[in-house]
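J.: Take this structure first; my questions come after.
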């Protein structure tokens, strides 16, 4: 019989060949695999907040104040003694300059020539206000974006506190450029910014002291405005908050590390094509103009935040806040800064500079993460995005994209489902025979060699009846990753942030009116109710019929409503399919078998326990 | 350890396996099923070798495998002495 032949089957009588060597090898392979799984787990399910070395934190949290005072004493006379040899270029009062385009509105102050607020017009924060990329709490303590970072704390403090002379004040409309200039007391500092219609701002700086250049880096010192760590209220799902990350690309290889593992004040002189900090949905990334000369300093601070942010009196815990300073090893810095959403379309158009100084390097796209099942999640996202685009601008809606994708997917899976159904009908027919065989061997222990005879006998029976389980666990293997992939897409992709669908205000947050979870519990229960499965005994069956819907309902109650939308759609389709199958001849036969079996199991007398098997 | 593993497998076969098959219908391409294979393998070969056998059995279940009868290999008969040099 050729069907029985299995190329993978180890022939039972080979004691010599696979002796201790094979044993060792398989054991080792197993351990390596286990280790890989373990490390993978730790890597992807980021530890919430690894304790930072206290000494480091201490020095960092104190440094800004220390710097400030030091800077004051050492350089304070600078403004007053402006009547030196060279004519001083400085401002007499603090002024603001706003730069605006379709996408952002950036407010600069001439005090330190830095960014006070960076509003992204297309996005709103969790409170419904326009989203500010500058996190006010941490910026006040650790510094504002596009301020200077030097290796001399006193100089840093001075550069970030003196009043620069702006080339313009008030409101500028992009495309435009803006220059801040400060020259006094031997220092000559120029910071030039160019704005266009994209999210990218290019910055050139030159810092000279007594005529010689000083290495000054530009920094994004402390986190982003929409950091999950600072989101008020409890985490939406009781789930993991996505912590900030340091992400970079060296020679086309993208990588990232979570905030807690970022070293503080470490200078990295490598060919960074970009280096940025990201939170769940947004990123601020520096793209050096000359990657080969790039110099990156990682900034790692920590702040004490209440563990429940809606309650300021709750217990405080240390939270990591990371930042970056990026510049050029030569001293004068030339780079571009991307501050915006981690959206695929946008990031794909922004390329880092190659070694030739032109924008031919890799795009910023790797800043988007799709979680640990990215292999499935990313194609799923692309498919959803395609459908979303296909729907046109009129009804363009991610909710519909999810529904259409799910429906299509289920229709594609229909034939396998049907084949499965057929073979399970055959299985049901021979179930009594299989039970009989199992009963004969039931008294044997698990390690009794005679047990293999039982399997041979069952197999022979399958052969005789022509049962071929070619599908195997395929439907399941497809469905579970898809579920997880949906989960990842919904919780990582910015387009689904605050995407609405009828009563759902945000597909990445739980259903506010609990409609979908209830619908899912009902439809799942109903599907279980009308699906015959003669292989199980009634107790098992009852357990399944109640536990599964409750289990899934519970999960979907607390997680993204888009996930519930997917599961609900898929459920309703399966339910209707099952209803149709139940009307066919095979379906009716299966019900009859199942009902008979259930009745037999419970016995004749006193069955106040009603089965949920085989009714329609 | 062996007993712990066997108990886990028994629990799986009793409660979790039906749940999985409730989500998506279908059967197994191999006889015995993977969980039964694991039970037998652990009972006959011990937890380490048995688990490894079960793991490789799981890896053998993929859409391009034909399935069919796939028994747990019987334990190797312990040789009384190592190989003797041939005359």
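Protein chains in written order, with this note's numbering: chain A, 1 to 616; chain B, 1001 to 1087. Ideal Cβ positions, reconstructed from N, Cα and C, are used throughout, including at glycine.
#1: Within the 8 Å Cβ cut-off, does residue 540 of chain A reach chain B?
#2: Got a sec? Which residues, its chain only, sit under 8 Å from residue 1009 of chain B by beta carbon, not counting five neighbours each side?
#3: Under the DSSP definition of a beta bridge, which residues are partnered with residue 256 of chain A?
#4: Who are the near neighbours of residue 210 of chain A in its chain, counting only those whose CB is closer than 7 Å to its CB and skipping five residues on each side?
#5: Between the Cα of residue 121 of chain A and those of A:128, A:135, A:103, spot the shortest distance and give me the residue it belongs to.
#6: At the level of alpha carbons, what is the spacing between residue 588 of chain A and residue 430 of chain A?
#7: Short of 8 Å in beta carbon distance, which residues of its chain neighbour residue 87 of chain A, apart from the five on each side in sequence? Order them along the chain.
#8: Using the C-alpha atoms, what's the distance from residue 450 of chain A back to residue 1007 of chain B?
#9: How many angstroms separate the CA atom of residue 139 of chain A from the CA atom of residue 370 of chain A?
#10: Quick one: is residue 413 of chain A buried, meaning 16 or more other Cβ sit within 10 Å of its Cβ, or exposed?
#11: So which of B:1031, B:1016, B:1051 has the shortest CA-CA distance to residue 1003 of chain B?
#12: Tell me whether the stretch 326-339 of chain A and the stretch 197-204 of chain A touch, counting them as touching only if at least three CB pairs, one residue from each stretch, are closer than 8 Å.
#13: When the Cβ atoms of the stretch 159-176 of chain A are set against those of the stretch 93-110 of chain A, are three or more pairs found closer than 8 Å?
#14: Output the boundary residues of the beta strand (DSSP E) element that contains residue 346 of chain A.
#15: Work out the CA separation of residue 478 of chain A and residue 381 of chain A for me, nearest whole Å.
#16: Could you list the residues in the stretch 441-462 of chain A with a C-beta less than 8 Å from some C-beta on chain B, going in chain order?
#17: Leaving out the 5 sequence neighbours to the left and right, which residues in its chain are closer than 8 Å to residue 482 of chain A when beta-carbon positions are compared?
#18: Would you mind giving the Cβ-Cβ distance between residue 567 of chain A and residue 521 of chain A, rounded to the nearest angstrom? I have them listed as a contact below 8 Å.
#19: Which one of B:1014, B:1018, B:1028 has the shortest CA to CA distance from residue 1062 of chain B?
#20: For residue 254 of chain A, which residues in the same chain have their Cβ closer than 6 Å to its Cβ, ignoring the five residues on either side in sequence?
#21: Of all the CB atoms in chain A, is at least one closer than 8 Å to the CB of residue 1047 of chain B?
#22: Could you check what DSSP says for residue 192 of chain A in three-state terms: helix, strand or coil?
#23: Tell me the rounded alpha-carbon separation between residue 1049 of chain B and residue 564 of chain A.
#24: Using the Cβ count rule (16 or more neighbours within 10 Å means buried), how would you classify residue 399 of chain A?
#25: Which residue or residues does DSSP assign as beta-bridge partners of residue 278 of chain A?
#26: Do the CB positions of residue 328 of chain A and residue 302 of chain A come within less than 8 Å of each other?
#27: Tell me the DSSP secondary structure of residue 1012 of chain B in three-state form.
#28: Any C-beta of chain A sitting closer than 8 Å to the C-beta of residue 1005 of chain B?
#29: Is the CB of residue 596 of chain A under 8 Å away from at least one CB in chain B?
#30: So with Cβ pairs under 8 Å, would you call residue 1016 of chain B a contact of chain A?
#31: So that I know if they touch, is there some Cβ in chain B lying closer than 8 Å to that of residue 227 of chain A?
T.: Put simply:
#1: Taking CB atoms only, residue 540 of chain A has a neighbour in chain B less than 8 Å away.
#2: Excluding residues up to 5 positions away in sequence, 1035, 1038, 1039, 1042 lie with their Cβ nearer than 8 Å to the Cβ of residue 1009 of chain B in the same chain.
#3: Residue 256 of chain A pairs with A:247.
#4: Cβ within range, chain order: 186.
#5: Residue 121 of chain A has its Cα closest to that of A:103, out of A:128, A:135, A:103.
#6: Roughly 16 Å between the two C-alpha positions.
#7: Correct list, in chain order: 183.
#8: Spanning the two alpha carbons is a distance of roughly 21 Å.
#9: Distance from the CA atom of residue 139 of chain A to the CA atom of residue 370 of chain A, rounded to whole angstroms, is 29 Å.
#10: That one is buried.
#11: Looking at the Cα atoms, B:1051 is the closest of the given residues.
#12: At 8 Å Cβ cutoff, the stretches touch.
#13: In short, these stretches touch, since the Cβ pair count reaches three.
#14: Segment 344-348 is the alpha helix (DSSP H) holding residue 346 of chain A; no beta strand (DSSP E) there.
#15: Straight through space, the alpha carbons of residue 478 of chain A and residue 381 of chain A are spaced by roughly 16 Å.
#16: When C-beta distances to chain B are compared with 8 Å, the residues of the stretch 441-462 of chain A below that value are 445, 446, 447, 449, 451, 452, 455, 456, 458, 459, 462, in chain order.
#17: Cβ within range, chain order: 376, 380, 409.
#18: Their Cβ separation, rounded to whole angstroms, is 11 Å, which puts residue 567 of chain A and residue 521 of chain A out of contact at 8 Å.
#19: Of the residues B:1014, B:1018, B:1028, the one whose Cα lies closest to the Cα of residue 1062 of chain B is B:1028.
#20: Residues 366 of the same chain have their beta carbon placed closer than 6 Å to that of residue 254 of chain A, with the five preceding and five following residues left out of the count.
#21: No, residue 1047 of chain B lies away from the interface with chain A (no Cβ there is under 8 Å from its Cβ).
#22: The three-state reading of DSSP puts residue 192 of chain A in strand, counting E and B together.
#23: Rounded to the nearest angstrom, the two C-alpha atoms are 41 Å apart.
#24: Residue 399 of chain A counts as buried, since at least 16 other C-beta atoms from the protein chains shown sit within 10 angstroms of its C-beta.
#25: Partner(s): A:245, A:283.
#26: At least 8 Å separates the beta-carbon of residue 328 of chain A from that of residue 302 of chain A.
#27: Residue 1012 of chain B carries a helical assignment under DSSP once its states are collapsed to helix, strand and coil.
#28: For residue 1005 of chain B, the answer is no, since every Cβ of chain A falls outside 8 Å of its Cβ.
#29: No, because no Cβ of chain B sits closer than 8 Å to the Cβ of residue 596 of chain A.
#30: Not an interface residue.
#31: Residue 227 of chain A does not count as touching chain B.
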